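To get the numbering used here, take the position in the sequence shown, counting from 1, and add 7.
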Amino acid sequence: MKRPLVMLVIAAGLLTPATSARASNTTTGGAQIQWTTSASATLAIVTQYSAAFAQGAAAPTLLPSAAGFCAGSGSETAFTLTFGALSPSQTVPTGCLYKNALAVSVSTNDATGFSLNEYLDTTTTTGIGICAFPNGGAAFPLAPAIAPVATSARAGNPAAGTFTGNALTSCAAGGRVVPAGTGGSVSGGAAPGNPGTPGLAFYSPSGSGVTFLSSAGPTQNGGAIVTMYGGEDVQVNLAPGAPSTLAGQTGVFLTVQLIPN
8 MKRPLVMLVI
18 AAGLLTPATS
28 ARASNTTTGG
38 AQIQWTTSAS
48 ATLAIVTQYS
58 AAFAQGAAAP
68 TLLPSAAGFC
78 AGSGSETAFT
88 LTFGALSPSQ
98 TVPTGCLYKN
108 ALAVSVSTND
118 ATGFSLNEYL
128 DTTTTTGIGI
138 CAFPNGGAAF
148 PLAPAIAPVA
158 TSARAGNPAA
168 GTFTGNALTS
178 CAAGGRVVPA
188 GTGGSVSGGA
198 APGNPGTPGL
208 AFYSPSGSGV
218 TFLSSAGPTQ
228 NGGAIVTMYG
238 GEDVQVNLAP
248 GAPSTLAGQT
258 GVFLTVQLIP
268 N
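Below, the structure written as C-alpha cells:
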C-alpha cells in the first residue's frame, strides 16, 4: 500500500528541474518613458501696499529725515509713489521715506527657483538718489513668504543716505541704493503697472539692480504651489544743495524683473 505514495514523491521531484530549466531561458526588454514639465511663473506688484497685498490710494505715510523735508500731496495713484515737493538742506543730505511703498507677488513651479531684482529706467537727476529698504527681513534679498505680506515697522525720522559729491553711494542700515539699469533698452511706453499693461514703461533686461527676492526652488508650501510675497519701503534722497528739477522732470520708472535661476 505504500508503493504508490513513494512513486508520487519521486515524480514530484523529477518535475522540479524541468521548471527551473524553463525559467532560466526567460529574456526581458524595456522601454524608457520620458517627459518634461514646463516651468511657469506669474508676477504682480502693488504700491502703497497692505498686508493683504491690496493696492493703496490714500495719502501716503512719508517719514522725513528732518522735519519739514517732505509733506506729501494728498491721495495717491495706483502704481505711483508720490513724494510731493522736497526741500533740500544746504548743508546735509535729506531723505523722505515712503512706508509700504511696493510689494511683489510671485508664483512659480520652477524647480530651480528664481531671483527678482529692481532698478531704475534711467539715471536720476543730479543730486538725487533712491534707496530701497526690505520689510520682513534685515537685508536684501528677502526670502519669498506666504501671506500676509510683511509691512513696515519704520517710524520717526529715518536717516538719509550718504552722498559722495552729488552721487548717492550708500543708504541707512538695511537699505540698498537702487541703480539705473544697464545693458538693456527702454520700452518707450509711458504707463506704470503689471505685466501686460498697455503702454507699460520698463527697462529690460538689465545686468544690474537690487536683488529684492531670491529662492532656490518653487513657491511651494505644504506640497502645493502657492503665491508668495515680499515688500519694501522706498526713500528719495537729496544731496546738500541739490539743484531744483525742471518742469518736465517728474521722476523715474522702477522696473521689477523676474529671472529664472
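Here a beta-carbon is modelled for each residue, glycine too, at the ideal position from N, C-alpha and C. These numbers come from a predicted model, not from an experiment.
Taking C-alpha positions only, Ile153 is separated from Gly248 by approximately 43 Å.
Taking C-beta atoms under 8 Å as the contact rule, Pro100 and Thr44 fail to qualify, at a distance of about 50 Å. Counting only runs that start and end inside the segment 160 to 217, there is no alpha helix (DSSP H) element of at least 4 residues. Less than 9 Å separates the beta-carbon of Ala146 from that of Gly181.
From the listed residues Ala66, Pro165, Pro155, Thr132, the smallest Cα separation to Phe140 is found for Pro165. Counting the other Cβ atoms within 10 Å of the Cβ of Pro67 gives 16 or more, which makes it buried.
Residue state for Gly37 is assigned as coil, using DSSP reduced to three classes. Boundaries cannot be given for Ser57, as no beta strand (DSSP E) includes it and DSSP labels it neither H nor E. Less than 9 Å divides the Cβ of Leu88 from the Cβ of Gln55. Taking the Cα positions, Gly216 is about 15 Å away from Phe121.
When DSSP states are grouped into helix, strand and coil, Glu239 belongs to the strand group.
Three or more beta-carbon pairs separated by less than 8 Å link the segment 107 to 127 to the segment 213 to 228, which places the two stretches in contact. Taking the Cβ atoms as the reference, Ala197 lies roughly 6 Å from Gly206, within the contact range of under 8 Å.
Distance check between Phe90 and each of Pro267, Asn268, Gly258 places Gly258 closest, using alpha-carbon atoms only. Counting only runs of at least 3 residues, the segment 66 to 92 fully encloses the following beta strand (DSSP E) elements, listed from N- to C-terminal order: 69 to 71. In this structure, the CA atom of Glu83 is about 14 Å from the CA atom of Pro199. For Gln264, the enclosing beta strand (DSSP E) starts and ends at 261 to 267. A residue is called buried when at least 16 other Cβ atoms come within 10 angstroms of its Cβ; Thr204 does not meet this threshold and is exposed. Unbroken beta strand (DSSP E) stretches of 3 residues or longer found wholly inside the segment 93 to 160: 101 to 115, 121 to 127, 135 to 142, given in chain order. Straight across, the Cα-Cα distance linking Thr252 with Leu265 is about 32 Å. In this structure Gly237 is in contact with Ala110, their Cβ atoms being roughly 7 Å apart against a cut-off of 8 Å. Here Leu245 carries a strand assignment [DSSP, helix/strand/coil].
Ile40 is classed as exposed because its beta carbon has fewer than 16 other beta carbons within 10 Å across all chains shown. Sequence-distant Cβ neighbours of Asp128 in its own chain, meaning closer than 8 Å and more than five residues away, are Ala187, Gly188, Val193, Ala208, Phe209, Tyr210, Val259, Phe260, Leu261, Thr262.
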